[in-house]
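**Q** Right, I'll just put the structure down here and ask away after.
In full-length UniProt numbering, the protein residues as written are 1 to 310.
In structure tokens, the structure reads:
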């Protein structure tokens, strides 16, 4: 098969599009013919050797941990899925990924893909969609009528978080750059803040939840807008846990986990027309380096997808 591999940690120049062995599956796994994958920050963090466990990986490594495709083969102990099923997943990040024509995935990590959208759009859902769902609901405990601030609301995770928070019945505030303000209003954000020209910490107060996808000073200032007992959820680590505790707030940091149940919930919302993937650009597998560069620049609206099967 064709795949994009790295032979050492480093920059995008380490990505090599080449022939690679087709994966073999175990009894509890499925072999998925990859139709599309998408770009996430974890991709370049692994590429640079910055992910926990990097020292235990063996080269070459295939990056990419979103997939939408068709089951080519199911292991003998797999129940509920069969050859020909259209599925999507966020596979185990510690294993070889989805910048490839085929990937072996544990059957406990997959779900049937949404039926109303194609593989290109489905591939943009798993990691970012799971991050938004678990951040808002599992860690943020978001309920109808609450107020939530979503930083980087126009990004890959942010666009899902906005839609899911609105679906839940929350009042949604989003920060973004000026060129994305109108886009966020159309997506359903109740209040938009241009983070380059407006100080959100002086405009907001008594919020129930801040969903921080940025970190740094943005996270520090976010403590000023939460009410006592409010929750700060971050995908990039907690900068000052002592300050969070001192202010009587709750802090949670997490990385999205594979969850077929959550993927099924996301697919249901998509098929009901209540949630839609936002795609910035579609490139091909040999363009993986270009796609990572664009995503890493941090100004992408929604997700960059790699089309794999022609």
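Beta carbons: idealized from backbone N, C-alpha and C, even for Gly. It should be emphasised that the depicted structure is a prediction, and the values quoted were computed from it without experimental measurement.
1. By a C-beta neighbour count over all protein chains shown, 10 Å radius and 16 as the cutoff for buried, is residue 262 buried or exposed?
2. For residue 272, count the other beta carbons within 10 Å of its own beta carbon; 16 or more makes it buried, fewer makes it exposed. Which is it?
3. Can you tell me the Cβ-Cβ gap for residue 48 and residue 10, rounded? I've got them flagged as a contact below 8 angstroms.
4. Span of the beta strand (DSSP E) holding residue 228?
5. When the Cα atoms are used, what is the spatial distance from residue 277 to residue 64?
6. Pull up the CB-CB distance for residue 134 and residue 170, whole angstroms please, since I reckon it's below 8 angstroms.
7. Buried or exposed: which applies to residue 59, given that a residue is buried once 16 or more other Cβ atoms fall within 10 Å of its Cβ?
8. Are there three or more Cβ pairs, one per stretch, closer than 8 angstroms when the region 248-263 is compared with the region 102-111?
9. Please return the same chain residues whose Cβ sits closer than 8 angstroms to the Cβ of residue 91, not counting the five positions on each side in sequence.
10. Does DSSP put residue 68 in a helix, a strand or coil?
11. How about residue 183 and residue 154: are their beta carbons less than 8 angstroms apart?
12. What separation, rounded to the nearest whole angstrom, lies between the Cα atoms of residue 21 and residue 1?
13. Thinking just about the alpha-carbon of each residue, which of 118, 4, 235 is nearest to the one in residue 42?
14. Suppose you measure from the CA of residue 25 to the CA of residue 297; what does that come to, to the nearest Å?
**A** Quick answer:
1. buried
2. exposed
3. 7 angstroms
4. 226-234
5. 18 angstroms
6. The Cβ separation is near 16 angstroms, so there is no contact.
7. exposed
8. yes
9. 65, 67, 97, 98, 103, 105, 106, 109, 258
10. strand
11. yes
12. 6 angstroms
13. 235
14. 36 angstroms
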